[in-house]
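Residue numbers (the numbering used here): 274 to 360.
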């Protein structure tokens, strides 16, 4: 089954946090193995998560911060995609 890139990117945080089951992890990984925009976005999100982990002393970021970051990343990805299709 084809996965929509938006759904993949929304679930990447679950995969990065180790909060998804193996079947979901496999579906996400299979999609990203063949979708360069998702691979690029995953790399960015992984770096942001790593940075937050280092700066927050390994503790979890507050839920509000996490939600704002997810929203901004999603907004950035959407704008980038629109600009690519228009340009």
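Beta carbons: idealized from backbone N, C-alpha and C, even for Gly.
| Query | Result |
| --- | --- |
| Over the uninterrupted alpha helix (DSSP H) stretch that includes residue 280, give me the two end residues. | 278-289 |
| Pair every Cβ in the region 327-347 with every Cβ in the region 294-309, then say whether three or more of these pairs are closer than 8 angstroms. | no |
| Measure the C-alpha to C-alpha separation of residue 344 and residue 316 and round it to an integer number of angstroms. | 17 angstroms |
| Tell me the rounded alpha-carbon separation between residue 309 and residue 335. | 30 angstroms |
| Under three-state DSSP, which class holds residue 299? | helix |
| Please work out which residues of its chain come closer than 7 angstroms, Cβ to Cβ, to residue 288, disregarding the five sequence neighbours upstream and downstream, and give them in chain order. | 298, 301 |
| Apart from the five residues just before and just after residue 322, which ones in its own chain have a Cβ nearer than 7 angstroms to its Cβ? | 289 |
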